[in-house]
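One structure below.
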Amino acid sequence: MKIYKFLSLSFIAFTFFTFISCRSNDEDDSSAEAKGNLQLKFENGFTNLGDIVLNQTTQTSSQGQKHQFSNIKYVISNISLIDENGNEFKYHENNPDKGAFIIDQADAIAGIVYVNLNEIPKNNYKKIKLGLGISQNAYLLGQDGQAEFWNKAKQKGMSWSWAAGYVFVKLEGKYGINSPDTEFMNHTGNMGNVTANGTPDLYREITLNLPTTARVTNQITPSIHILADFNQYLSGETPLFLNSTNDMMMGSSQHLVNVTDNLTKMFKVDHVHND
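Start counting the sequence shown at 480; every next residue gets the next number (the working numbering).
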């Protein structure tokens, strides 16, 4: 009888310690999987021609102008991920030092510019939101949270040399009717406090649906492939015609407001890899 009692107590003790061990492991696994990484892949192109090769790829606009780019740069910031329940994770909101990136076509590898995000909460994400440019809320914070990015912007030529503020989109190249032989330069962006200055705010936010759920875990780093169709520049919602009145413009004139609004329609998520 004592033997059976001893075996029974031993079994209870073994079950208890097994339960505690499993519970501890579950908690460790949960903690380990609480955060993961995510990659964004930006591919700049013309939908009918494929990837843009600087100084080579020539497109004809809806207005009949041939044009090619020698320079394509734009700022992406305030990235948000929206999960299956509509909850939004904001990636370093209004903190350019950690959450703003310059997409430079000259940096493209096989047509792709990569942006790597870390410390993303484990979740299933259905949408992504992007800021094109730098928000006034971030800019007006001053040096805190953007000194590092400001230096990067200066190095990349994405800050005004003669005014306070960032260049949001920098497009340069040549255009013409028969051939692209006339230079153009359209630089969009805010200068200082737009409310105080009475100028348009060119910062825009774009929300994109993901065709496949991005499943972030500590073992899965999803890759979201974003296409940017630069047909939208001159052949977008507002068809634009370059000439001597607007081919060399910087800031936030009406032409550059139209450029900005056209470009907000250029982004599309092509596919998502979960591996």
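No residue lacks a Cβ here, since even glycine has one placed at the ideal position from N, Cα and C.
None of these values were measured; they are calculated from a predicted model.
In the three-state reduction of the DSSP assignment, Gly590 falls in the coil class, being assigned neither a helical nor a strand state. In this model, Ser559 and Lys577 are separated by some 13 Å (Cα to Cα). With 16 or more other Cβ atoms inside 10 Å of its own Cβ, Pro701 counts as buried. When the Cα atoms are used, Asn669 and Asn597 turn out to be separated by approximately 29 Å. Annotation: Gly529 to Asp740 spans about 22 Å, alpha carbon to alpha carbon.
According to the DSSP assignment, Leu721 belongs to no alpha helix (DSSP H), since it is labelled neither H nor E. By the Cβ-count criterion, Ala632 is buried, with 16 or more other Cβ atoms from all chains shown falling within 10 Å of its own Cβ. Straight through space, the alpha carbons of Thr691 and Asn697 are spaced by roughly 19 Å.
Put simply, of His750, Leu517, Leu650, Val532 the residue whose alpha carbon is nearest the alpha carbon of His704 is His750. Partner residues in the beta bridge of Pro600, as assigned by DSSP, are Lys514. Note that the C-beta distance between Val554 and Ile581 is below 8 Å.
Counting C-beta atoms within 10 angstroms of its own C-beta, Ala585 has fewer than 16 neighbours from the protein chains shown and is therefore classed as exposed. The Cβ-Cβ distance between Pro679 and Val736 falls below 8 Å. Beyond the five residues adjoining it in sequence on each side, Asn574 comes within less than 6 Å, by CB distance, of Gly624 in the same chain, given in chain order.
DSSP places Phe580 inside the beta strand (DSSP E), whose first and last residues are 580-583.
Ala617 and Tyr682 have their C-alpha atoms roughly 11 Å apart. Distances from the alpha-carbon of Leu687 to those of Gly590, Thr674, Lys744, Lys601 put Lys744 closest. Fewer than three Cβ pairs drawn from the region 639-647 and the region 715-728 lie within less than 8 Å of each other, which leaves the two stretches out of contact. In the three-state reduction of the DSSP assignment, Thr674 falls in the helix class, which pools H, G and I. Classified as exposed, Ile656 has fewer than 16 neighbouring CB atoms from the shown chains inside 10 Å of its CB. Judged by DSSP in its simplified three-state form, Asn523 adopts strand. When C-alpha distances from Ile685 are compared across Lys608, Gly612, Asn630, Leu620, the shortest belongs to Lys608.
Counting along the chain, His734 sits inside the alpha helix (DSSP H) bounded by residues 733-742.
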